[in-house]
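Enquirer: Let me begin by handing over the structure; questions about it come next.
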Amino acid sequence: MIHYKNLNVLVTGSNGFIGNGLVRKLMALGSNVYEADLENGIDITNLDSLLKFKKIDLVFHLAAKTFVPDSWSNPIRTYEINTIGTLNILEFCRRSNSKLIFPSTYVYG
Numbered sequence: 000m001i002h003y004k005n006l007n008v009l010v011t012g013s014n015g016f017i018g019n020g021l022v023r024k025l026m027a028l029g030s031n032v033y034e035a036d037l038e039n040g041i042d043i044t045n046l047d048s049l050l051k052f053k054k055i056d057l058v059f060h061l062a063a064k065t066f067v068p069d070s071w072s073n074p075i076r077t078y079e080i081n082t083i084g085t086l087n088i089l090e091f092c093r094r095s096n097s098k099l100i101f102p103s104t105y106v107y108g
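Residue numbers (numbering that gives the first Met the number 0): 0 to 108.
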């Protein structure tokens, strides 16, 4: 079981439907929460923008393009965010020795 009090947690996609609620819950549990979201000026497709976060214990990776019509109208950007962005999160975790929770909930069918 993870104890979240005083844990430094980075949440990607923090302004999304799940991310917003997760940020509130983590703060209520006493975590030090850092938000990585385009609305906050953090682009996960740019590794340098992630490397500004220091001493992160845990990353919740929720940032993604999930609206299918967006993938048709702008497939390159969808690929960048979903694939390169996730690769950058993995690299960030490797460099910072952070644990990662990557709840992939997207099911298409």
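We treat Cβ as the ideally placed atom computed from N, Cα and C, and that holds for glycine. Since this is a predicted model, take the numbers as computed values, not measurements.
Could you tell me how far apart the beta carbons of L61 and I17 are, in whole angstroms, since I believe they sit closer than 8 angstroms?
Expert: For the purposes of this step, residue 61 is identified with residue 62 of the sequence shown, where counting begins at 1. For the purposes of this step, residue 17 is identified with residue 18 of the sequence shown, where counting begins at 1. Yes, L61 and I17 are in contact; Cβ-Cβ is about 6 angstroms, under 8 angstroms.
Enquirer: What's the gap between the Cα of W71 and the Cα of R93?
Expert: Along the sequence shown, one-based indexing puts residue 71 at 72. Along the sequence shown, one-based indexing puts residue 93 at 94. One C-alpha to the other measures close to 32 angstroms.
Enquirer: Can you grab the Cα-Cα spacing for the pair N19 / S13, in whole Å?
Expert: Locating residue 19 in the sequence shown gives position 20, counting from the first residue. Locating residue 13 in the sequence shown gives position 14, counting from the first residue. Computed Cα separation, rounded: 5 angstroms.
Enquirer: Can you tell me where the beta strand (DSSP E) holding N19 begins and where it ends?
Expert: Counting from one through the sequence shown, the residue named residue 19 turns up at place 20. Careful: N19 lies outside any beta strand (DSSP E), inside the alpha helix (DSSP H) at F16 to A27.
Enquirer: In three-state DSSP terms, what is Y125?
Expert: With the chain covering only 0 through 108, there is no way to say anything about residue 125.
Enquirer: For H46 versus E90, is the C-beta distance shorter than 8 angstroms?
Expert: Here residue 46 refers to the residue found at position 47 of the sequence shown. Here residue 90 refers to the residue found at position 91 of the sequence shown. Note that residue 46 is Leu in the sequence shown here, rather than His. Their beta carbons are under 8 angstroms apart, which means L46 touches E90 by this criterion.
Enquirer: If you draw a straight line from the C-alpha of D69 to the C-alpha of T11, how long is it?
Expert: As a first step, residue 69 must be located in the sequence shown, where it is residue number 70. As a first step, residue 11 must be located in the sequence shown, where it is residue number 12. Cα-Cα distance, rounded: 19 angstroms.
Enquirer: Going along the chain, which residues of its own chain have a beta-carbon closer than 6 angstroms to the beta-carbon of K53, five neighbours each way excluded?
Expert: Taking the sequence shown and counting its residues from 1, the one referred to as residue 53 is at position 54. Counting only Cβ-Cβ distances below 6 angstroms, and skipping sequence neighbours, we find nothing.
Enquirer: According to DSSP, is T11 helix, strand or coil?
Expert: Locating residue 11 in the sequence shown gives position 12, counting from the first residue. T11 falls in the strand class under three-state DSSP.
Enquirer: Can the beta-carbon of L86 be found closer than 8 angstroms to that of L6?
Expert: Residue 86 sits at position 87 when you count from the first residue of the sequence shown. Residue 6 sits at position 7 when you count from the first residue of the sequence shown. No, these two residues do not count as a Cβ contact at 8 angstroms.
Enquirer: With which residues is K98 paired in a DSSP beta bridge?
Expert: For this step, residue 98 is matched to residue 99 along the sequence shown. In DSSP, K98 forms a bridge with L57.
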